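**Q**
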Amino acid sequence: MSMLTALLALGALALIFGAILGYAALRFKVEADPLVDQIDDILPQTQCGQCGYPGCRPYAEAIANGDAINKCPPGGDAAIKKLADLLGVSAPALDSAQTPAVKRVAFIREDDCIGCTKCIQACPVDAIVGASKQMHTVISNECTGCDLCVEPCPVNCIDMVPIAVTTERWKWDLQAIPVTIVESN
Amino acid sequence: MPSLFQQIKSGQLWDFHGGIHPPARKKLTSQVAIGQISLPERLYIPLRQHIGVAGKLLVKAGDTVLKGQALTAADNAMAIPVHAPTSGKVLSIEAYPSAHPSALPEPTLVLEPDGLEQWRPRHALDYLHTERPHLLARIQQAGIAGMGGAGFPTHIKSGASTGVDYLIINAVECEPYITADDVLMQHEASTIVRGIDILCKLLNPKAVLIGIEDDKPLAITAMQQACAGKADYLVRVVPAKYPSGGEKQLIKLLTSKEVPNGRRPLDIGIVMQNVGTVFAIAQAVEEDIPLISRIVTVVGQTLQHSQNIRALIGTPVGALLDACGFAPEPQQRVIMGGPMMGFTLPTLQIPLVKTTNCIIAPTRHELPAAGPEMDCIRCGACAEVCPAVLLPQQLVWYAKAKDYDQLKAHNLADCIECGACAYVCPSEIPLVQYYRVAKAEIRELAREELKAEQAKARFEARKERLERDKQQRAERNQALAAQRQSMLAEQQKQQILAAQQRQEQQPQETLSKEQIIAERERKKAEARAYQAAKAEQAEGSPAATAETPAADPRAAAVAAAIARAKAKKQADAVAHEPTPADSAPAEAAPATTAAQPDAETDPRKAAVAAAIARAKAKKQAETASPEPTPAESAPVAPAAQPESDTDPRKAAVAAAIARAKAKKLAEQAAATDTSAPDQTNPDQTAPVESAPEVAVPEATPDTTAPDPAAAKKAAIAAAIARAKAKQQSKPTEPEQPS
């Protein structure tokens with residue numbers, strides 16, 4: 073008898089908790105995969121496609137589905153390290169021969185531009201303004217330096233120029249030899 | 011327990027954590043009269059000398075300017091103007107080494123003084139009878155930025171209207187060597203007090219605290235005398251200790267308050283101004299003298315007479331040193347700012363700016379350069395002296411490891427870079443340098459994060475827009491298709507109706523076997539027509555509308571017509587391959603004649619032609635890449651050379667072609683590396699198309715003729731390019747010729 077009571081009590085408890093858990097699962101359902109968002113936040117959002125995916129978000133989804141984390145040259149080793157921390161894997165070396173060089177932005181040589189709008193269509197972040205048969209120009213503050221506009225240009229008038237170092241962006245150089253003034257007279 | 015205000019009133023002082031006592035060496039200059047310097051040959055005025063943005067440039071090279079004339083205009087709150095320190099001629103506006111540790115070139119106006127010292131008209135203001143906004147505007151227009159070192163725009167700091175309890179005048183000047191503020195107070199105490207009056211009108215504080223270190227007895231007496239009649243102006247003598255002149259440290263010293271992490275003093279009801287700034291405010295309001303000169307301490311044992319000099323902004327450091335009898339030793343170091351927080355100058359061309367308070371030219375024994383860095387021995391001396399109560403050795407480890415999260419967690423942002431930790435370090439670790447690098451790195455990361463966020467938002471917006479456009483297009487297409495179908499159905503219905511009417515009109519009496527057969531045949535024809543219509547629809551051909559379900563012969567005719575159309579289409583497709591070559595010259599000919607008169611009259615025409623030629627060349631390069639191009643490019647190169655000396659436009663065309671060629675070659679090389687030549691060129695028309703391309707150099711002999719001929723030539727090139735473009739676009743639309 074007592075055993076039956078115990079079974080009934082436990083069974084009832086199991087039913088109640090099961091109902092609560094089931095309700096909670098529906099009520100607090102997580103819509104998207106938050107991991108993808110977290111990965112996407114780490115990626116540099118240049119939308120350059122160098123990883124082989126059409127943008128950072130698709131690559132983030134691919135990483136969440138098990139793709140390698142070392143395909144993002146603009147993010148460099150810093151991004152790989154963060155991704156490795158997030159996903160709990162070891163950080164591999166960057167899957168590219170070139171290490172991320174200095175930050176660059178696109179620059180349109182205005183004399184050579186024929187106004188074909190091809191670069192405008194290629195730009196993933198709408199950082200190029202211009203109209204058909206009008207000169208185009210790059211909003212350098214919005215340019216992510218993804219290189220995607222260089223190839224479509226039929227007259228090769230887009231250069232990738234390194235961002236100039238200004239006094240605000242200058243980083244103190246520890247290795248600099250303390251400059252001294254050689255005796256002048 | 012007296013209130014805080016009473017405690018402050020009664021003269022109580024507090025203490026801040028840490029601090030050091032380096033040898034002050036202020037006696038060298040503190041009792042020497044303020045020197046003057048003759049006008050230098052050139053003045054170099056950086057357009058931005060404060061924290062914020064440069065104003066809009068008002069003058070251009072060649073202009074003559076008067077003393078005190080604004081050279082830039084402040085077009086927003088964070089901009090303050092710079093002024094001509096003396097009358098003279100603007101020689102140029104160019105990039106020039108800046109008064110910054112990096113000495114990176116910044117836009118600088120070069121002024122050649124004429125020696126006349128002609129002032130622009132000046133309008134003194136009586137501050138008592140002037141509205142607040144006018145006073146603030148005057149301070150901004152006078153180009154006043156914090157002269158203690160940071161260079162924050164003063165009108166913003168002074169614009170706080172409510173909630174200011176204490177105005178603190180920073181006359182501590184705690185760094186060794188510097189005595190600029192000291193001598194300023196000795197000589198201009200009354201003007202400084204009038205400046206405080208103006209600030210009091212603007213800020214309305216409960217009390218004014220003037221903090222002076224106890225090693226400036228003359229300045230203290232002068233200020234006490236000047237403040238004699240003012241009950242609210244409290245001169246506070248603080249013990250000499252470095253860095254009690256730091257903003258947060260002085261606030262703690264005088265009021266016992268601490269500025270919270272990431273907040274400004276104004277948030278706790280305190281505004282602090284440097285004593286030099288206050289003097290500049292008084293001068294700007296009372297005499298309308300903008301900030302065009304300042305007192306700077308020029309000191310060091312390589313100078314014959316160290317002294318304070320009232321120098322014009324823009325004076326090169328070299329001129330200042332020479333005025334003091336500079337005898338440099340080999341590998342002489344010159345420091346701008348104090349020995350603790352200043353920086354070594356890479357060149358003596360760097361000009362004096364609004365925030366420069368000291369130039370030091372020490373001998374090697376006086377200020378020895380830092381020795382080699384050794385390992386940290388965990389003595390903890392740095393933590394004891396840190397005035398911001400940080401953990402310097404932890405920070406330096408994290409900075410070396412580039413662990414920016416930990417640096418943030420250990421409040422690196424609160425570091426005031428005073429250098430006390432590096433001063434006491436027995437291992438001579440340049441801790442501050444590590445912090446500066448890390449801070450710059452963190453700032454850069456924050457900037458990148460912001461940029462990434464913006465890029466993401468723009469990318470998403472673009473994706474959304476493209477998706478929307480696609481949907482709209484699809485909807486429009488659907489609507490059109492539906493319209494066409496309804497029209498079709500309408501037609502069919504009408505035709506059926508007509509057929510029925512015709513049948514009804516036929517005599518009804520012969521309802522025999524014959525009629526039954528006819529009826530069956532009609533149904534069969536209808537079914538056939540339906541099948542045909544279905545097939546037509548699948549092809550999307552407009553011929554579908556021609557279909558008639560009415561009777562047998564008509565259906566046959568429809569089928570025949572469809573077959574004819576198909577045959578024609580096929581024939582067209584086959585015929586296309588040879589046509590481009592045929593049609594190109596024919597089309598090019600009229601285009602040339604049409605373009606000729608234009609080209610002669612319009613010089614832009616040539617530029618267009620050049621661009622088109624480039625485009626064409628690139629296109630050609632891409633389609634015909636595995637062709638034996640060396641042979642092709644060979645005739646172009648020699649032909650281009652004679653052109654260049656006859657006509658610059660021709661040269662541009664040639665250059666463009668050469669560029670395209672170069673790109674082609676590069677691409678070709680890449681193509682041969684990766685894939686077989688056949689795969690890269692499935693287009694059969696390529697050989698045909700490459701032929702007219704070779705025709706371009708053929709036309710070049712014309713260029714030896716004078717200008718009109720050259721224009722003609724450009725027009726021909728344009729025409730060929732147009733023809734080529736047309737030709738290429740044709741194979742993609744085979745329906746048009748039929």
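Protein chains in written order, with the numbering used here: chain A, 73 to 257; chain B, 11 to 748. Built from N, CA and C at the ideal position, the CB exists for glycine as well. Predicted model, so just to flag it, every value in this text is computed and none were measured.
(1) Quick check: the Cα distance between V218(B) and V399(B), rounded to an integer number of angstroms?
(2) Looking at the secondary structure, which residues open and close the alpha helix (DSSP H) in which M261(A) lies?
(3) Of all the CB atoms in chain B, is at least one closer than 7 Å to the CB of K190(A)?
(4) Applying the 10 Å Cβ sphere with the 16-neighbour rule, what's the burial state of I506(B)?
(5) List the residues of chain B that G127(A) touches, going by C-beta distances under 9 Å, in chain order.
(6) From the DSSP output, in three-state form, read off S108(B) for me.
(7) Nearest-angstrom Cα distance between F15(B) and K226(B)?
(8) Quick test of the definition: if touching needs 3 or more C-beta pairs under 8 Å, does the stretch 188-208 of chain B touch the stretch 376-390 of chain B?
(9) I need the straight-line Cα distance from A76(A) to I88(A), nearest angstrom please.
(10) Counting contacts by CB-CB distance shorter than 7 Å, is T209(A) in contact with chain B?
(11) Hey, which unbroken runs of the alpha helix (DSSP H) at 4 residues or more fall wholly within the stretch 38-113 of chain B?
(12) Whose C-alpha, out of E223(A), A178(A) and Q110(A), is nearest the C-alpha of A625(B)?
(13) Here's the rule: buried if 16 or more other CB atoms are within 10 angstroms of the residue's CB, otherwise exposed. What is C389(B)?
(14) So is Q193(A) in contact with chain B if we call contact Cβ pairs under 7 Å?
(15) Among T265(B), D224(B) and H165(B), which residue has its Cα nearest to the Cα of Y176(B)?
(16) If I measure Cβ to Cβ from E198(B) and keep anything under 8 Å in the same chain, skipping five residues before and after, which residues do I get?
(17) By the three-class DSSP mapping on this structure, what secondary structure does G90(A) have?
(18) Taking C-alpha atoms, which residue in G256(B), A181(B) and Y187(B) lies nearest to A232(B)?
(19) Let me know if K181(A) comes out buried or exposed under the rule of 16 or more other beta-carbons within 10 Å of its beta-carbon.
(20) Cα-Cα, which of P131(B), V406(B), L101(B) and L417(B) is closest to T118(B)?
(21) Given this structure, state the Cα-to-Cα distance separating T252(A) from C184(B), to the nearest angstrom.
(22) What three-state label does DSSP hand S756(B) in the structure shown?
(23) With H, G and I counted as helix, E and B as strand and the rest as coil, what does DSSP make of G3(B)?
(24) For K243(A), return the contacting residues in chain B, with the cut-off set at a CB-CB distance below 8 Å.
(25) What residue ranges within the stretch 377-430 of chain B form continuous alpha helix (DSSP H) runs of no fewer than 4 residues, ordered along the chain?
(26) Is T239(A) close to chain B? Criterion is C-beta to C-beta, closer than 7 Å.
(27) Kindly indicate which three-state DSSP category A229(B) falls into: helix, strand or coil?
(28) State the Cα-Cα distance for the pair N213(A) and A573(B), rounded to the nearest angstrom.
(29) D219(A): which of V233(A), V227(A), L115(A) and L93(A) sits nearest, CA to CA?
(30) Whether or not the stretch 185-192 of chain A and the stretch 422-439 of chain B are in contact is what I'm after, with contact meaning three or more pairs of Cβ atoms, one per stretch, closer than 8 Å; do they touch?
(31) Cutting at 6 Å between CB atoms, please list the residues of its own chain near G169(B), excluding the five before and the five after it.
(32) Label G29(B) either buried or exposed according to how many other C-beta atoms from any shown protein chain fall within 10 Å of its C-beta, with 16 as the threshold for buried.
(33) Against chain B, with Cβ distances strictly below 7 Å, would D109(A) count as a contact?
(34) Taking its Cβ as the centre, do 16 or more other Cβ atoms sit within 10 Å of E103(A), making it buried, or is it exposed?
(35) P226(A) to A484(B), Cα distance in whole Å?
(36) Name the DSSP bridge partner or partners of S303(B)?
**A** Short version:
(1) Straight-line spacing of the CA atoms in V218(B) and V399(B) works out to 27 Å.
(2) As displayed, chain A neither begins before 73 nor continues past 257, which places residue 261(A) out of reach and without an answer.
(3) At a cut-off of 7 Å between beta-carbon atoms, K190(A) makes no contact with chain B.
(4) By the beta-carbon neighbour count (other beta carbons within 10 angstroms, threshold 16), I506(B) is exposed.
(5) What G127(A) touches in chain B: F469 and K473.
(6) In the three-state scheme derived from DSSP, where H, G and I count as helix and E and B as strand, S108(B) is classed as coil.
(7) Distance between the alpha carbons of F15(B) and K226(B): 26 Å.
(8) The stretch 188-208 of chain B and the stretch 376-390 of chain B do not touch, with fewer than 3 CB-CB distances between them shorter than 8 Å.
(9) First, the amino acid is wrong: residue 76(A) is Leu here, not Ala. Cα to Cα, L76(A) sits roughly 18 Å from I88(A).
(10) Not closer than 7 Å to any Cβ of chain B, the Cβ of T209(A) fails to qualify, so no.
(11) Segments of the alpha helix (DSSP H) lying fully in the stretch 38-113 of chain B: there are none.
(12) The candidate whose alpha carbon is nearest that of A625(B) is E223(A).
(13) The Cβ neighbour count for C389(B), taken over all protein chains shown within 10 Å, is under 16; the residue is labelled exposed.
(14) Chain B contact via Cβ: absent.
(15) Considering only T265(B), D224(B) and H165(B), the residue with the shortest C-alpha distance to Y176(B) is T265(B).
(16) Sequence-distant partners of E198(B) (beyond 5 residues in either direction) whose C-beta falls short of 8 Å from its own C-beta, in its chain, are F289.
(17) DSSP places G90(A) in the helix class (H, G or I) of the three-state scheme.
(18) The shortest C-alpha to C-alpha distance from A232(B) to any of G256(B), A181(B) and Y187(B) is the one to A181(B).
(19) According to the sequence displayed, residue 181(A) carries Arg and not Lys. Looking at its Cβ environment, which holds fewer than 16 other Cβ atoms inside 10 Å, R181(A) is exposed.
(20) Ranking P131(B), V406(B), L101(B) and L417(B) by Cα distance to T118(B) puts L101(B) first.
(21) Below a pLDDT of 50, predicted positions are generally treated as unreliable, and T252(A), at 48, falls in that range; no measurement from the model is reported.
(22) Nothing can be reported for residue 756(B): it is not among the residues displayed for chain B, which extend from 11 to 748.
(23) Lying outside 11 to 748, the shown extent of chain B, residue 3(B) is not represented and no answer is given.
(24) One finds V447, A450, E451 and E454 in chain B with Cβ atoms closer than 8 Å to the Cβ of K243(A), taken in chain order.
(25) Within the stretch 377-430 of chain B, the runs of alpha helix (DSSP H) at least 4 residues long that lie entirely inside it are, in chain order, 391-395, 402-410 and 414-419.
(26) For T239(A), the answer is yes, since a Cβ of chain B falls inside 7 Å of its Cβ.
(27) Helix at A229(B).
(28) If I take the Cα positions, the gap works out to 60 Å.
(29) Looking at the Cα atoms, V233(A) is the closest of the given residues.
(30) No, the stretch 422-439 of chain B does not touch the stretch 185-192 of chain A.
(31) L146, listed in sequence order.
(32) Classification of G29(B): buried, given that the 10 Å Cβ count is 16 or more.
(33) Not an interface residue.
(34) It counts as exposed.
(35) Straight-line measurement puts the Cα of A484(B) at about 30 Å from the Cα of P226(A).
(36) Its beta-bridge partners are L322(B).
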